[in-house]
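Read the structure below first, then the notes.
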Amino acid sequence: MTTLKPEMPLEEVLLAFSVEPAHDRSTLDHYLALYPQYTADLIDLSLDLCIEGRGISKAVEDEDTFQLALKQLRGAGTAVARSPANPFDAFRGASFVALADGLRVPRSVLIAFRDRLVVASSVPQLFLVRIARAVQMTVADLLAYLALPPAAAGAVNYKADDKPASSEKVTFEALLDSSGISPEQKADIYTSSE
């Protein structure tokens, strides 16, 4: 696939998609996952390329094929439009504190994960497995959740005079350093799988 950058303008994304060797569902899903803000444009282009690839006269004559393709594209759009579930929704108040205690991390670290403020690629695999197991989801689903843009905390939305701005993501190491944990706790986080 073409080398993609997270903040490409619409025209460049559409051009990159159009020059892909295949315009199948997996390619479309890949682009929709990277650029959800361009969903409608990507689906339109995919449909155009699909029709052009078959020849206009054949596509127009075959109504069943058209309806099937439209149904598949609509299904692709809705599948990608759904965001991965927030694994921390089930943990509020005392259960959130218990989760942090069970993982042996300060609540501030867990809050950073909940609000997607951590660069997912900087988190050690062992710790990802620990969190995924604790919130009862797969590591892949947890990584998909963490890959989403940072979320503003719910309470901030109601207390702010101005529109809340999302924070920048930080590396896992920087998060641990700012949380004030001891070297022993840090070693436990990096080495323990339980």
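First residue of the sequence shown: 17, per this note's numbering; consecutive thereafter.
Backbone N, C-alpha and C define an ideal beta-carbon position, used for all residues, glycine too.
Keep in mind the model is a prediction, meaning the values are calculated, not measured.
With respect to the alpha helix (DSSP H) encompassing residue 125, which residues constitute its N-terminal and C-terminal limits?
-> If you number the sequence shown from 1, residue 125 lands on position 109. First-last of the alpha helix (DSSP H) with residue 125: 123-130.
Can you give the Cα-Cα distance for residue 54 and residue 165, rounded to whole angstroms?
-> Stepping through the sequence shown from its first residue, residue 54 is reached at position 38. Stepping through the sequence shown from its first residue, residue 165 is reached at position 149. The alpha-carbon atoms of residue 54 and residue 165 are separated by roughly 15 Å.
Any chance the region 109-129 sits against the region 83-92, with 3 or more Cβ pairs inside 8 Å?
-> no
Look at residue 12 and residue 167 and say whether their C-beta atoms are less than 8 Å apart.
-> Past the edges of the chain, shown from 17 to 210, lies residue 12, and the structure says nothing about it.
From the DSSP output, read off the bridge partner residues of residue 134.
-> Taking the first residue of the sequence shown as position 1, residue 134 is located at position 118. The partner list for residue 134 (beta bridge, DSSP) reads 186.
Comparing the CB of residue 40 with every heavy atom of the ligand FMN, is any distance shorter than 7 Å?
-> The ligand FMN is absent from the structure shown, which contains no ligand whatsoever.
Using the beta-carbon count (16 or more within 10 Å), is residue 213 buried or exposed?
-> This structure cannot speak to residue 213, because the chain is shown only from 17 to 210.
Which value, in whole angstroms, describes the spacing of the CA atoms of residue 203 and residue 104?
-> Taking the first residue of the sequence shown as 1, we reach residue 203 at position 187. Taking the first residue of the sequence shown as 1, we reach residue 104 at position 88. If you take the alpha carbons of residue 203 and residue 104, they lie about 24 Å apart.
In chain order, which alpha helix (DSSP H) runs of at least 4 residues are fully inside the region 29-59?
-> 41-50
In or out: residue 206 buried (at least 16 other Cβ within 10 Å) or exposed?
-> For the purposes of this step, residue 206 is identified with residue 190 of the sequence shown, where counting begins at 1. Classification for residue 206: exposed.
For residue 103, three-class secondary structure by DSSP = For the purposes of this step, residue 103 is taken as the residue at position 87 of the sequence shown. DSSP places residue 103 in coil when its eight states are reduced to three.
Drop a sphere of 10 angstroms on the beta-carbon of residue 26, count the other beta-carbons inside from all chains shown, and report buried for 16 or more, exposed for fewer.
-> Position 10 of the sequence shown, counted from the first residue, corresponds to residue 26. So residue 26 ends up on the exposed side.
Collapsed DSSP secondary structure at residue 205 in the structure displayed | Translated into the one-based positions of the sequence shown, residue 205 becomes position 189. DSSP places residue 205 in helix when its eight states are reduced to three.
Buried or exposed for residue 96, please, with buried defined as at least 16 other CB atoms from any protein chain shown within 10 angstroms of its CB.
-> Residue 96 sits at position 80 when you count from the first residue of the sequence shown. Legend: pLDDT at residue 96 = 49, less than 50; position of this residue unreliable, no value from coordinates given.
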